[in-house]
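Student:
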Amino acid sequence: MPHWCTPAQHVQLAAAAAGCLAACGAGGQLEELRLSSLGTTMPLGSLAALTRLRRLHAVCDTLSFTAELSPLTDVQYMQMHGDPRFEAPARLPSSLTCLQLSDTRSDAMPEQLTLLPGLQRLSLSAGNYSAASMAPLSRLTALTHLVLDLDVGSLPTASLASLTRLRFLRTNWRPDPPARHLLDAALQALQRLTCLSLASGGIPPAVGGLPLLQCFFWQPEEDDEEEQAGQPPALPRTHSLHSLRCLGLPWRSAAASVPALAAMPALQELSQVCF
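Start counting the sequence shown at 226; every next residue gets the next number (this note's numbering).
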């Protein structure tokens, strides 16, 4: 739907799209659906008719969930870009195993995201979620892959620590010095991690105690205080990183980590992470 449409045209075209979805649902064979630029609001309640749907991609200013989608037992993958709005009793399909959400407007993570007991892969980006609204992430105990590329001042580190099945974790959180020990404590509980990507805030000592880690990337800020002070963060000299194959660090940190690098028998790739 073109963005230059009038509000009345947006309503008409959204209704037409809903009619198309209803027709596809009646046919009973639609397995993948892509919705893009469908106006300011896309009513996704009509998805309930698509009983064979397995994959959904939706891009819209506002994603309006107005119906219960749990009956869609075949849906495993959803990728959404927009502001999600849930009206009771709307819920996402409980069959979801992979969910990607880019939310540029909300300041609280929708609780419906945490009512997915089988969710294994979750990616959240662009949102300005409060740590309190993200605390229920601890319910997602089946998660193995988590990406948190959010504009946030803090993360619910206690909730992260409860996700002990995680194998992949990427976050752009840049904790202030008083909060760095919270991230370190959370990482100590994630002993199954095989890939870890962190932003600024120093290299947590707990990284050295992750024996299954195969890939580690650390990205500092340009104005990182430790860098300016001439003290580049380094990997701990004594560590358990015997499975590490890929390492991404600024060269100054890599040079400061030479003793640690010498004790990495599996290391195959060392790359520079630029500011």
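For every residue, glycine included, the Cβ atom is placed at its ideal position computed from N, Cα and C.
If you count every other CB in all the chains shown that lies within 10 Å of the CB of H467, and 16 or more means buried, which is it?
Tutor: Looking at its Cβ environment, which holds fewer than 16 other Cβ atoms inside 10 Å, H467 is exposed.
Student: If we count Cβ pairs, one from each stretch, closer than 8 Å, do we get three or more for the region 429 to 436 versus the region 375 to 382?
Tutor: Segments in contact, no.
Student: Assuming R395 and Q439 make a contact with CB atoms under 8 Å, what is their CB distance in whole Å?
Tutor: No, R395 and Q439 are not in contact; Cβ-Cβ is about 14 Å, not under 8 Å.
Student: Report the option in A292, E312, R277 and T287 whose CA atom is closest to the CA atom of D299.
Tutor: Of A292, E312, R277 and T287, the residue nearest in Cα terms is R277.
Student: Is the separation between the beta-carbon of T369 and that of R390 shorter than 7 Å?
Tutor: In this structure, R390 lies closer than 7 Å to T369 by Cβ.
Student: What separation, rounded to the nearest whole angstrom, lies between the Cα atoms of R316 and A383?
Tutor: Whole-angstrom Cα-Cα distance: 26 Å.
Student: In terms of residues, what are the limits of the beta strand (DSSP E) holding L281?
Tutor: Here the beta strand (DSSP E) through L281 covers R280 to F290.
Student: Use the C-beta contact count for D332: other C-beta atoms within 10 angstroms, 16 or more gives buried, fewer gives exposed.
Tutor: With fewer than 16 other Cβ atoms within 10 Å, it is exposed.
Student: Any idea what DSSP makes of E256, helix, strand or coil?
Tutor: Coil, per DSSP.
Student: Less than 7 Å separating the beta-carbons of T329 and A351?
Tutor: In this structure, A351 lies closer than 7 Å to T329 by Cβ.
Student: If I'm right that Y302 touches M334 with Cβ under 8 Å, what's the distance once you round it to whole angstroms?
Tutor: Y302 to M334, Cβ: 20 Å. No contact.
Student: To the nearest angstrom, how far is it from the Cα of S478 to the Cα of A410?
Tutor: Cα to Cα, the separation comes out at about 22 Å.
Student: Enumerate in chain order the residues of its own chain whose CB-to-CB distance from S295 is below 7 Å, with the five nearest sequence positions on each side excluded.
Tutor: Excluding sequence neighbours, S295 sits near R316, P318 and S319.
Student: Is the beta carbon of L495 sitting closer than 7 Å to the one on L472?
Tutor: Closer than 7 Å, so yes.
Student: Rounding to the nearest angstrom, what Cα-Cα distance links S358 and W443 in this structure?
Tutor: Those two C-alpha atoms are separated by around 26 Å.
Student: Once DSSP output is grouped into helix, strand and coil, what is the label at S199?
Tutor: Outside the shown range of the chain (226 to 500) lies residue 199, about which nothing can therefore be said.
Student: Near L373, what residues of its chain come up, given a Cβ to Cβ distance below 6 Å and the 5 sequence neighbours on each side ignored?
Tutor: Answer for L373: L349 and T396, listed in chain order.
Student: Would you kindly report the start and end of the unbroken beta strand (DSSP E) that includes D409?
Tutor: Not the beta strand (DSSP E): D409 falls in the alpha helix (DSSP H), residues R405 to A414.
Student: Hey, how far is the Cα of L344 from the Cα of F290?
Tutor: Between L344 and F290, the C-alpha separation is close to 19 Å.
Student: Between which residues of its own chain and T322 is the CB-CB distance below 8 Å, once the five residues before and five after are set aside?
Tutor: For T322, where only same-chain residues beyond five positions count, the Cβ hits under 8 Å are Q301, Y302, G343, L344, Q345 and R346.
Student: State buried or exposed for G433, treating a residue as buried only when at least 16 other CB atoms are found within 10 Å of its CB.
Tutor: Buried, by the Cβ-count rule.
Student: Taking CB distances under 7 Å as the criterion, tell me whether G426 reaches chain D.
Tutor: No chain D appears in this structure, which consists of one protein chain only.
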